[in-house]
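Student: Just so we're aligned: 87 in full-length UniProt numbering is position 87 of the sequence shown, and the numbers increase by one with no gaps anywhere.
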Amino acid sequence: MPKAPPSPRSLFAARLKQARALRGIASQRALGVLMGLDKKLASSRVNRYENETSGIDLDGLGKLADVLGVPMAYLVAEDEAIAEVILALSQMTPEERAAAVERLKQR
Numbered sequence: 001m002p003k004a005p006p007s008p009r010s011l012f013a014a015r016l017k018q019a020r021a022l023r024g025i026a027s028q029r030a031l032g033v034l035m036g037l038d039k040k041l042a043s044s045r046v047n048r049y050e051n052e053t054s055g056i057d058l059d060g061l062g063k064l065a066d067v068l069g070v071p072m073a074y075l076v077a078e079d080e081a082i083a084e085v086i087l088a089l090s091q092m093t094p095e096e097r098a099a100a101v102e103r104l105k106q107r
């Protein structure tokens, strides 16, 4: 039987953990505090996201992306390759991005 694709919530949780590590944010509490959450709630809220017990709304996703310095799309990318492309494109100048998109479209 083929393996079921990961759920959107599990993709988000995995990408959140990656982005937190990428940015060197050592703890869930630290990330929550950077998001503006109360210190007492910060750790448990981020823990629920990373352990797939809670989802996040779009405003929260936007805030999380801003704090982590990644595009929102990175946090919900369907697979690792797409996530890497999104992150790479976000770090390019507008001209570089346009050229890269044109190259991808030629395939």
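Glycine is no exception: its CB is placed at the ideal position from the N, C-alpha and C atoms.
1) In angstroms, rounded to a whole number, what distance separates the CA positions of residue 49 and residue 13?
2) Pairing CB atoms from the region 53 to 70 with CB atoms from the region 98 to 106, are three or more of them under 8 Å?
3) Could you tell me the distance, in whole angstroms, from the CA atom of residue 3 to the CA atom of residue 63?
4) Could you check if residue 24 is buried or exposed, using at least 16 other CB atoms within 10 Å of its CB as the buried criterion?
5) Considering only the beta carbon of each residue, do residue 28 and residue 47 sit closer than 8 Å?
6) Let me make sure I understand the geometry here. Which of 79, 106, 98 and 84 has the alpha-carbon closest to that of residue 9?
7) Would you mind stating whether residue 87 and residue 74 have Cβ atoms separated by less than 8 Å?
8) How is residue 37 classed by DSSP in three states: helix, strand or coil?
Tutor: Looking at the coordinates:
1) Answer to the nearest angstrom: the Cα atoms are 6 Å apart.
2) With the rule of 3 Cβ pairs closer than 8 Å, the region 53 to 70 does not count as touching the region 98 to 106.
3) Approximately 33 Å between the Cα atoms of the pair.
4) Residue 24 comes out exposed.
5) Their beta carbons are under 8 Å apart, which means residue 28 touches residue 47 by this criterion.
6) Of 79, 106, 98 and 84, the residue nearest in Cα terms is 79.
7) With contacts defined by Cβ atoms closer than 8 Å, residue 87 and residue 74 form a contacting pair.
8) Residue state for residue 37 is assigned as coil, using DSSP reduced to three classes.
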